[in-house]
Amino acid sequence: MKVAIFGTGYVGLVTGACLAEVGNHVVCVDIDAGKIERLNQGEIPIYEPGLEDLVLRNHEAGNLRFTTDAKTAIEHGEVIFIAVGTPPDEDGSADLRYVLAVGAEIGRHLDHYAVVVNKSTVPVGTADRVRAAIGRELAARGAGIEYDVVSNPEFLKEGDAVKDCMKPDRIVIGTRSQRAIAALKTLYGPFNRNHERMVLMDERSAELTKYAANAMLATKISFMNEVANIAERVGADVEAVRLGIGSDPRIGYAFIYPGMGYGGSCFPKDVQALGRTARTVGYDTRILDAVEAVNHDQKSKLFELMQRHFGSLEGRTIALWGLSFKPNTDDMREAPSRRLMEALWAAGAKVRAYDPEARHETQRIYGERADLMLAEDALEALEGADGLALVTEWKEFWSPDFSELAKALAARVIFDGRNIYDPATVEAAGLSYYGIGRGRSVAHPAFV
Numbered sequence: 380m381k382v383a384i385f386g387t388g389y390v391g392l393v394t395g396a397c398l399a400e401v402g403n404h405v406v407c408v409d410i411d412a413g414k415i416e417r418l419n420q421g422e423i424p425i426y427e428p429g430l431e432d433l434v435l436r437n438h439e440a441g442n443l444r445f446t447t448d449a450k451t452a453i454e455h456g457e458v459i460f461i462a463v464g465t466p467p468d469e470d471g472s473a474d475l476r477y478v479l480a481v482g483a484e485i486g487r488h489l490d491h492y493a494v495v496v497n498k499s500t501v502p503v504g505t506a507d508r509v510r511a512a513i514g515r516e517l518a519a520r521g522a523g524i525e526y527d528v529v530s531n532p533e534f535l536k537e538g539d540a541v542k543d544c545m546k547p548d549r550i551v552i553g554t555r556s557q558r559a560i561a562a563l564k565t566l567y568g569p570f571n572r573n574h575e576r577m578v579l580m581d582e583r584s585a586e587l588t589k590y591a592a593n594a595m596l597a598t599k600i601s602f603m604n605e606v607a608n609i610a611e612r613v614g615a616d617v618e619a620v621r622l623g624i625g626s627d628p629r630i631g632y633a634f635i636y637p638g639m640g641y642g643g644s645c646f647p648k649d650v651q652a653l654g655r656t657a658r659t660v661g662y663d664t665r666i667l668d669a670v671e672a673v674n675h676d677q678k679s680k681l682f683e684l685m686q687r688h689f690g691s692l693e694g695r696t697i698a699l700w701g702l703s704f705k706p707n708t709d710d711m712r713e714a715p716s717r718r719l720m721e722a723l724w725a726a727g728a729k730v731r732a733y734d735p736e737a738r739h740e741t742q743r744i745y746g747e748r749a750d751l752m753l754a755e756d757a758l759e760a761l762e763g764a765d766g767l768a769l770v771t772e773w774k775e776f777w778s779p780d781f782s783e784l785a786k787a788l789a790a791r792v793i794f795d796g797r798n799i800y801d802p803a804t805v806e807a808a809g810l811s812y813y814g815i816g817r818g819r820s821v822a823h824p825a826f827v
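Residue numbers for the sequence shown follow my numbering, beginning at 380 and rising by one.
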């Protein structure tokens, strides 16, 4: 099929590459001429495992093209995806200016029936607004061209986006148009062969499904972090609790890992946007507000543990392993590392940090600073450091030589923000250990 995709960020680029991989002819369009030029030269603007090979192979084969020419892309597309950003406004609501601008652009140039697909994460009712934006432009031209607008939210995890796109666990389609359903069944056929993955519903239900999914996952994370904070105070080990509750199939093990809070481009934005949507219809989202509040506080947890250990952090040097908000991405948006580094700097400490992929993004955000050294590898980050903070659980950090860490760290202390280390093993090497909710020796007096 002939596919046009507006937006070449995580969603647009991954979707375009995967659709091209199964034989479709895809044109990706973006208003950023520099990005399009780099893509045409084979430079991938984001790190995502497997994406570079997919893009380069299909670009070379002619199945995947990049352009700034919206008119050409619209004239090409039987299916036209809108995959542009929806950044949060100051009040937490999703900013739809880019989505609606693409809708208007489609209306200005559409010359044949097309299925217009909202792939961006958008508030309930956006399909109606895109439909109206296209219709106004068509009416201004006096064109009676038919089109359908469909909600087809993405469920791509950063770090696993290519796999999630090629082997989706569900394909949510929101439309009442049988013609649009038939077109999307053809388009998604190669991803739907093993068993039926398409879940059909109306547009508004599909739009709410995306927000509800991310809000539910964020809720599990904040709930487990709250349990971890209780565990610390009563002298329990949250990792034992996690195994105890995760073995219940009604709960499961996914997304119940305590840590430093969630970050990235999706959960923070979507929890806020869903809350804002609810308030516009007179509903107070008490659970979502609590989820966000717990997450905000949890990002300060490792810094609080450092203050507990050191007292003053003035003049201290802390090594950070991991900067991206999760492994297998270079995305620093809402990353817990940012809150930690900024707190350390405010307290007069220096940071030596290493991340396998996010070094350049960190440099872009913070520039050159005397109190920030970005290391080339994990061991270099330890040089001259008093303590080590494990912030992002990249695989290369999972099995260090703790005896070597004890020699390298002046204050011989590890702050494990992801609970990936065994406290007894760390302490046997002569290091102090602080984790999240591992309250073996810091219980509240009432529980001692």
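All C-beta atoms in this analysis are idealised placements derived from N, C-alpha and C, irrespective of residue type, glycine included. None of these values were measured; they are calculated from a predicted model.
Taking 8 angstroms as the upper bound for CB-CB distance, G504 and R583 are in contact here, some 7 angstroms apart.
Taken atom to atom, the span from the alpha-carbon of V606 to that of D676 is near 14 angstroms. A contact is defined here as three or more CB-CB pairs under 8 angstroms, and the segment 382-395 meets this definition with respect to the segment 494-502. Counting only the Cα atoms, L435 lies some 14 angstroms from I415. The DSSP-derived three-state label of L751 is strand. The residue from C645, Y641, F534 with its alpha-carbon nearest to that of N674 is Y641.
Fewer than three Cβ pairs drawn from the segment 706-713 and the segment 799-819 lie within less than 8 angstroms of each other, which leaves the two stretches out of contact.
Pairing I600 with Y636, the inter-Cα distance amounts to about 7 angstroms. Here A652 has P467, G471, S472, A473, P502, Y590 as same chain residues with Cβ atoms under 7 angstroms from its own Cβ, once five neighbours each way along the sequence are excluded. Between V405 and N442, the alpha-carbon positions lie close to 6 angstroms from each other. If one requires a minimum length of 4 residues, the alpha helix (DSSP H) runs lying completely within the segment 641-678 are 646-659, 665-677, in chain order.
Its chain contains A396, A399, E400, L443 as the residues whose beta carbon lies nearer than 7 angstroms to that of N437, once the 5 sequence neighbours on both sides are disregarded; these appear in chain order.
R738: member of the alpha helix (DSSP H) spanning 738-745, first to last residue. Our two residues, I630 and R817, have alpha carbons roughly 21 angstroms apart in a direct line.
As computed with DSSP, R444 is found in a beta bridge with V406. Under the three-state reduction of DSSP output, R583 falls in the helix class.
Beta-carbon to beta-carbon, I513 and I485 are separated by about 5 angstroms, close enough to satisfy the 8 angstroms threshold. The residue from K648, T465, D432 with its alpha-carbon nearest to that of F385 is T465. Buried is the label assigned to E736, since at least 16 other Cβ atoms lie within 10 Å of its Cβ. Inter-residue distance for Y745 and A518 is about 48 angstroms (C-alpha atoms, whole angstroms).
By the C-beta criterion, the segment 682-702 is judged not to be in contact with the segment 653-673, since fewer than 3 inter-stretch pairs fall below 8 angstroms. Per DSSP, reduced to three states, the secondary structure at T696 is strand. Taking a 10 Å sphere around the C-beta of N419, we find fewer than 16 other C-beta atoms and assign the residue as exposed. For G553, the secondary structure class from DSSP, reduced to helix, strand or coil, is strand.
If you draw a straight line from the Cα of E755 to the Cα of A749, it comes to about 17 angstroms. Taking the C-beta atoms as reference points, I815 is found nearer than 8 angstroms to V617. Counting the other Cβ atoms within 10 Å of the Cβ of K774 gives fewer than 16, which makes it exposed. Counting the other CB atoms within 10 Å of its CB gives S703 a total of 16 or more, which places it among the buried residues. Per the coordinates, the alpha-carbon of P532 lies some 47 angstroms from the alpha-carbon of R791. A check of alpha carbon separations from A540 across K729, L433, T588 identifies L433 as the nearest.
Cβ-Cβ separation between L810 and F781: approximately 6 angstroms, consistent with a contact (criterion under 8 angstroms). DSSP places G391 within a helical segment (H, G or I) once states are collapsed to three. Judged by beta-carbon spacing, L723 lies beyond the 8 angstroms limit of L761, meaning their Cβ atoms are not closer than that value. An exposed status is given to G694, since fewer than 16 other beta-carbon atoms sit within 10 Å of its beta-carbon.
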